[in-house]
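Listed in order, the protein sequences are those of chains G, F, D and L.
Residue numbers for the first sequence follow this note's numbering, so the first one is 27 and each next one is one higher.
Residue numbers for the second sequence follow this note's numbering, so the first one is 27 and each next one is one higher.
Residue numbers for the third sequence follow this note's numbering, so the first one is 26 and each next one is one higher.
Residue numbers for the fourth sequence follow this note's numbering, so the first one is 26 and each next one is one higher.
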Amino acid sequence: MAYLYNTPDDQHAMLKAIGVDSIEALFSTIPEDLRLKRDLDLPPQMGELELTQHLSALAGKNASPATHACFLGGGSYDHFVPAAVDALASRGEFYTSYTPYQPEVSQGNLQAMFEYQTLICDLTGMDLSNASLYDGGSALAEAVIMALNTGKRGEKVVVLGTVHPEYRQILQTYFTHLGIEIIEIPCVDGIADLAKVEETVNAETNCVVVQSPNFFGGIEDVAAIAEIVHKNDAVLIQSFDPISLGLLKRPGDLGADIAVAEGHSLGSAMQYGGPYLGIMACNDKFVRRLPGRIVGQTEDRRGKRCWVLTLQTREQHIRREKATSNICTNQGLFALRASIYLALLGPGGLKQCATLCTQKAHYAQTKLSEVERLEPVFAGSPFFKEFVLRDTQGNVEGLLAEAREAGFLGGVPLGQFFPEMNDCFLVCVTEKRTKQEIDALARTFSLIHSGSSTIHA
Amino acid sequence: MAYLYNTPDDQHAMLKAIGVDSIEALFSTIPEDLRLKRDLDLPPQMGELELTQHLSALAGKNASPATHACFLGGGSYDHFVPAAVDALASRGEFYTSYTPYQPEVSQGNLQAMFEYQTLICDLTGMDLSNASLYDGGSALAEAVIMALNTGKRGEKVVVLGTVHPEYRQILQTYFTHLGIEIIEIPCVDGIADLAKVEETVNAETNCVVVQSPNFFGGIEDVAAIAEIVHKNDAVLIQSFDPISLGLLKRPGDLGADIAVAEGHSLGSAMQYGGPYLGIMACNDKFVRRLPGRIVGQTEDRRGKRCWVLTLQTREQHIRREKATSNICTNQGLFALRASIYLALLGPGGLKQCATLCTQKAHYAQTKLSEVERLEPVFAGSPFFKEFVLRDTQGNVEGLLAEAREAGFLGGVPLGQFFPEMNDCFLVCVTEKRTKQEIDALARTFSLIHSGSSTIHA
Amino acid sequence: QATQLLSELSHPGRTAVTWPACDVPEQPIEDLIPGSYLSDKALQLPELTEGEVVRHYTNLSTKNMSVDTHYYPLGSCTMKYNPKRNERLASLPGIVDLHPYQDEATIQGMLQLLFELQGIFSEISGLPACSLQPAAGAHGELTALMVAAKYFKSIGEDRKVVLAPDSSHGTNPASAQMAGFKAVSIKSDPAGGVDMDDFRAKLTDDIAVLMITNPSTLGLFEKNMREIADAVHAKGGLVYLDGANMNAILGIARPGDFGADMMHYNPHKTFSGPHGGGGPGAGPICVADKLEPFLPSPVVVKDGENYKLNFDRPESIGRVRSFFGNVGVLVRAYCYILSHGPVGLREISENAVLNANYLLSQVKHFLPVPRGERCMHEFVASAGKLKQERGITAMDIGKRLLDYGFHAPTVYFPLTVPEAIMIEPTETESKETLDAFVQTLFRITEEDAELLHEAPHSTPISRPNEVQAARSPCLRANFCSS
Amino acid sequence: QATQLLSELSHPGRTAVTWPACDVPEQPIEDLIPGSYLSDKALQLPELTEGEVVRHYTNLSTKNMSVDTHYYPLGSCTMKYNPKRNERLASLPGIVDLHPYQDEATIQGMLQLLFELQGIFSEISGLPACSLQPAAGAHGELTALMVAAKYFKSIGEDRKVVLAPDSSHGTNPASAQMAGFKAVSIKSDPAGGVDMDDFRAKLTDDIAVLMITNPSTLGLFEKNMREIADAVHAKGGLVYLDGANMNAILGIARPGDFGADMMHYNPHKTFSGPHGGGGPGAGPICVADKLEPFLPSPVVVKDGENYKLNFDRPESIGRVRSFFGNVGVLVRAYCYILSHGPVGLREISENAVLNANYLLSQVKHFLPVPRGERCMHEFVASAGKLKQERGITAMDIGKRLLDYGFHAPTVYFPLTVPEAIMIEPTETESKETLDAFVQTLFRITEEDAELLHEAPHSTPISRPNEVQAARSPCLRANFCSS
């Protein structure tokens, strides 16, 4: 009953117009033996007040960055989201409309998507952007598909070991059962070994996947990798952190052919991992192989500039099994959020944000490395906003659990991804973390080490 | 800098167009000796992130109904606000527009206000409503002004002692220094003494102010009072609780000439007391004496139905000192919220809400009265959602402080308003309170009484 | 879509709300409340689904011009940008959901905010005492006049006259009247300032308060401010500053320094409180030390590390509003002020004045600005000549602007300028927008008079018949003669 | 106002964001990151104030039709009302702000919700195992097909063919292709169902999966469903249900009961997830027990009183997405389902089907509905006759509806109906709205053909030149040939 319109009187009138006696009769085309003969076994209906109490109770069972200083990263980041993003993206006209099949009454969404494509191109230094994909991980898989589909002979996919382990898992899932060989270059020092890249990439290589800043926060020498890749006529795919581009060279400047990213940091909350925003930008040559929606500019019959979905012959609803991808929905609302975020920050704001992350992360690395029990790992590599620490006592779990009691989400244990690193954890510092919080975390780790009772941040 | 548009280049271009050298020069009309020669002594600028952290820290120092089960009432109530109210009222077109001086581009606000007036008339059973006043207390003062201005000879204002003590204070502030006599009929039993009313109201009485449900939650015999008032040719002003009208007879049905209310319960949060919504409705005869904005229906030049601000000759911007009131702003946004709330609930929803309040409040009265230390006060009078308890140990402060530690905002101490009632407190039970919470409060009071350590709700 | 009224959309049996089942043992309602008190009629409220309510109000909203959608140079109303962060922060749990009767121990964060805000308002005004209670600017005027009355009573004086310039807001004389004073109007001089002769003539011994809007509604700083204030004080009177135009002088001049003894702020103007289609505002007042004892109760005080509400104020006028005040609006003002800091506040005024002077410099060439070459945060142009020559009125121009996507300026106020067009750009508009506005305004003054009389042409409705509305008032649905 | 692009509105030196000063000791950035890695070009992002951004996007939004503003009977997309409570609840602190790598101890509330939702989806589908990971319906298809591939591999079978009716969503064959299968199309019979002869002909021994949309995109329940499923199973194949049309059969028939081994949900259709101008959706899948080991990792399990993420799934296909999934969408689905309960869910479908049949009964008189007198939650009318007789196309009708304030139905899908007009009213529209829609539709079919070819006439733009857009793609600002 929650949102229904038909009252019993309405139903009666409508049934009469249809010429049947009952709603039941409308389902007569479903064979009797295929029907459910009982009520679903589900919790009973809740009105809004009850539901609110229920969800509030569930939320109350979670700790969150609202209650704990969050030093977690690894692909999902506690960046600040300006209020204007929420205010604008929550307008009903944006979030209760759908794919702009009728451009005449969808110019709001279409223009916003065209602006998104423009912003992503400007941000990445690439020629083209689509109107978004699901998330950073599946966007990377789509990039590989696109590279494989360009017709270059090689079918081997080379992936650096510093790429997000979950992204690498996704590539395995997508491609190994198709018989496509994925060659992972193991990472020893938290950064790509150029000699190994040189050694691995060859004429059979279709594409090379690099992430920079990489999973450990390290900044890869993408330009050098690009040289190796292009020498072998392969495609360079770079997964990047959009916030880092406030400081770092852009994928397009470094020689990437396809650039993909997890874009939720641009104005969307962490939401326990999704929905997020898959960014994909590329060189012009991929224009008719791009997956997902693309918006183009054109004119209406009166010569007025306007925007439409375009190049739809790439897409599944036209081409079916010959489409470049099976993608149908995009992440329009989160592309919108990213656009609003970038429009609010502008070049200066993004640079400052990236700078704050870098400064604070480096301060934190120094500070936390001073804790007796901890030592920095991969200390020689340049990094952006994340770095790895080793618990010399080998009890990452215990250390982080105690820190949690003191009010910190202190880091991501790395043993879950790299068994050999189960004494390590990844620390992330965004612009939201204060010196006070960093100092308090260092103090807390020290206190835990010395066995003193901890104090809450 | 936070929201400014002019860059130094803009400023330069503009100054040049104006023909002055500096912004400083634009202020030359302010005599030098009247200018401030230093910076204001204020906290330094905060960006959005810092400000968010600061406000979150301030909010974190407050307990609230989100963390404590709230049994506080006394004119401000923890009623449920459906999400749709927030979603709609937070649309920029509603909250960043102003008084609809240009009806052609304000039909949204004007129609919404006209609908508000309609809803209030239907709710109260009165002929007319204005488009809102500040709050319940000042609305009551405006009602008295309106009564005094109708030209009836009497100048005495009779106020029942069961009217909200703050509202009575406001009447004192507004009127005593003008030499208008305010006669308060003391309240002994938590309900009006009809004999005393009969005794007090006479030919010199201009108006009588009654509140029902009254400050103690009791339901007054308004119809009987109306008879006395009208027999003396005086005006009956009733202050009411809009939620109660889901069950109780309407002011218009009871004989009120003017009905006023605190309307925040209709879809607005408690906000530590404001902004709230002053509801005022009245009989037709007051039509040209009503304070505040009024919207009327008319037609445009093409014969289309539309709405405008009307009867403006009552108002200060036209009539200056001869206006019916000095009011300029109203509470448009909160009138809008009230309309949305009433439209969502409809007659059935409001009735159910009122019924839940009544059932739960009566259950709570019984349950809490069973606590050894507590006893009901004014137990004989019918009540709506509030009732008074006496702490037989005379330590209301201590009792409530301990309950607070256990997670309850347990009641409003009455000693602050009635020195003779400093062993009493007012308990309010809205539809949001659950049996579990009521039982837990009773258990907590019992535990406090027995000196056991309390448990958190 | 949305021109149907709720009552017309209503359909019996629909509702948007499902309440929980009653979880306490239910009793027949008549056992709880005597039947004679219970309503015997069904309420006539509309019956709608949630989706219908949402669609109705969403569509209604789009029939408004607003700051979020359009340039809105409505003079005297300071239609500046309303920051989204303020809305978010004022809605935080622990802020938006506090009950006004919570124990002080549970609201230290809120009291700290309000205490700091009292101090901030005092610092900006140069007047050391503050009450946050009044619910709106006009309410602040009334409150301050009551304070003045009580003050005079306390020193045994019986003063009855409140002076205010004829260009003042109507609220000034109306508040004076409500507070029991006699409102007397002072003429303006040709330059738009107080006519000093008329002022002196009316400055009698029983002057209680001079109410002055400075900068004035003409957008001018009163050049004789000091002399006027001194004269009032010399007679034993008080000076009240209508703070409607504080947006022009933040950090530049303080009312307390230029002679005011009392003032109110309009946080929805100066400090970006959203205008809400008419409100809510708030009307905090600041006063000189000698008036402090008379301010409404309570005020927030700091006692060691704790913040408290002080009710122990025996000379206070009492209360003018229930509970503490329009806290939600005050929280937004606090956020706005902290978003700027001392330098930023001054920059607000500098840019408000710069924008206004820039507009003035562009507009005066085709729409005379009778009072002065220079202005503060707003100015008043006149269509008097256009009316005389071509029959085009200020109203025509305002209506025609709507067609071009600009909200109209305030027209016909102040009353002292014929065919007044009062333009306040605010600091939160760009030079590009101002230029586009000026071009449009110019274009309109060149347009055909008939076209203008019939304007607007592209709005949801054309000009409404306001005379009919007032003559046969239809003030609720289904109750109109027509 | 809002047709200018951000890049055109940009003005050097403006910004909307002020970050805090760096509170840690600052070092030259080159000391932290080698200069060769640092960008040497200024970013070309637009420079705007907050107010400009707000005005731009607010005005942009009003150029969309949406469920909140208009009736939106877009077939196959289930444009039902998106409850406001879901938005509020999914944004609660403790829900919206959780980091995906928080320790399980800190997210017991979230895991409980997700665990319960897995069970709810299984109960509604009649398929006992659930993965919440896929990010969209098409992603769910792909995931399930990978699960199927791994399943066949585990039993040592090499199957290559995926069958799908020609009326299916394009995602079906595209997903099959991506998962490494060969997509083969089955014809429809004249009544819109699966052509059984063609089906039998194509049901070879190497059938891996039959993908079927039931109710179909024609809005019909496949009358041979049981027979089809049995035949596929007899060949050792699996049946996949495209759950796009689950809105028709909630609590009425369960895919697991009528032969499906796997299915996905579209929560943005069936369970009121907002469509967001194109997304996000989510694509949770449910599968039969034997397929459970192959589902993506992790899944949520309950261990005593605690909820955990189970990664220890050696036969799993692995991951198809980073982190847990589109949790924000799933939370909304959970809220929606709890808002209804078992009876309410069935009522959704009953009313969706009632509304569709009512519309069908009214529309068929002037727009033929080739496939059947009765439908489920949507139906497909045809303008084929109108086109033949008067040259009026489905597109013309759709465009003209925009003029009357209705979003167009889906046109030209499914491909099996000429000049298809696919109408899905959803359950959250009133009879009044349906009646108004029918009247308008009828009126349009009587209108002048020229008028329709030129429609829409009252929208922000007229029909765009889509050919030009595709021929000379201009896909970003300042980079267009034209």
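Using N, Cα and C, we set each Cβ at its ideal position, and we do this for glycine too.
- Taking 8 Å as the Cβ-Cβ cut-off, the region 62-77 of chain L approaches chain D at Thr-74, Glu-75, Gly-76, Glu-77, given in chain order.
- By the beta-carbon neighbour count (other beta carbons within 10 angstroms, threshold 16), Pro-277 of chain F is buried.
- At least 8 Å separates the beta-carbon of His-365 of chain L from that of Ala-287 of chain G.
- With a minimum length of 3 residues, the unbroken runs of beta strand (DSSP E) contained wholly in the region 274-358 of chain F fall at 284-288, 304-308, 321-325, 331-335.
- Of all residues in the region 485-506 of chain L, none has a C-beta nearer than 7 Å to a C-beta of chain D.
- If you check the CB distance, Pro-323 of chain D and Pro-159 of chain D do not come in under 8 Å.
- Here the region 317-332 of chain F lies against the region 340-357 of chain F, with 3 or more beta-carbon pairs under 8 Å apart.
- The C-beta of Lys-109 of chain L comes closer than 8 Å to at least one C-beta of chain D.
- Short of 6 Å from the beta carbon of Leu-382 of chain G, and not among the five residues preceding or following it, lie these beta carbons of its own chain, in chain order: Glu-457.
- Val-264 of chain D and Ile-237 of chain D do touch by the CB rule: their CB atoms are close to 7 Å apart, below 8 Å.
- In the DSSP assignment, Asn-421 of chain G falls outside any alpha helix (DSSP H) and carries neither an H nor an E.
- With a 10 Å radius around the Cβ and a threshold of 16 neighbouring Cβ atoms, Thr-168 of chain D comes out buried.
- Taking a 10 Å sphere around the C-beta of Phe-336 of chain L, we find fewer than 16 other C-beta atoms and assign the residue as exposed.
- For the C-beta of Lys-458 of chain G, the chain F residues within less than 7 Å are, from N- to C-terminus, Leu-75.
- Selection G:Ala-89, G:Gly-281, G:His-38 evaluated against Leu-435 of chain G yields G:Ala-89 as nearest (Cα-Cα).
- Secondary structure note for Phe-177 of chain L: its alpha helix (DSSP H) is the uninterrupted segment 162-179.
- Collapsing the DSSP output to three states places Phe-404 of chain L in a strand.
- Apart from the 5 residues on each side of it in sequence, Gln-133 of chain L sits with its Cβ closer than 8 Å to the Cβ of Asn-331, Tyr-332 in its chain, given in chain order.
- Around the CB of Asn-503 of chain L, fewer than 16 other CB atoms lie within 10 Å, so the residue is classed as exposed.
- The DSSP-derived three-state label of Asn-382 of chain L is helix.
- In this structure, Ser-497 of chain L keeps its C-beta atom at 8 Å or more from the C-beta atom of Arg-328 of chain G.
- DSSP places His-38 of chain G outside any beta strand (DSSP E); the residue lies instead in the alpha helix (DSSP H), whose first and last residues are 34-44.
- Not one beta carbon of chain F lies nearer than 8 Å to the beta carbon of Cys-311 of chain D.
- In the DSSP secondary-structure assignment, Asp-328 of chain D is bridged to D:Asn-331.
- Relative to Glu-403 of chain L, the option among L:Arg-39, L:Tyr-361, L:Asp-428, L:Leu-99 whose CA is nearest is L:Leu-99.
- Taking the Cβ atoms as the reference, Arg-399 of chain G lies roughly 49 Å from Phe-312 of chain G, outside the contact range of under 8 Å.
- It is roughly 16 Å from the alpha-carbon of Lys-260 of chain D to the alpha-carbon of Ala-189 of chain D.
- Around the C-beta of Ala-226 of chain D, fewer than 16 other C-beta atoms lie within 10 Å, and the residue is accordingly described as exposed.
- Gly-372 of chain F belongs to the set of residues whose beta carbon lies under 8 Å from a beta carbon in chain D.
- For Phe-266 of chain G, the enclosing beta strand (DSSP E) stretches over residues 261-266.
- If the five residues before and after Cys-400 of chain L are omitted, its C-beta is found closer than 7 Å to the C-beta atoms of Gly-244, Leu-245, Ala-381, Asn-382, Leu-385, all from its own chain and listed in chain order.
- In this structure, Asp-161 of chain F lies near Ser-347 of chain D, with their beta-carbon atoms less than 8 Å apart.
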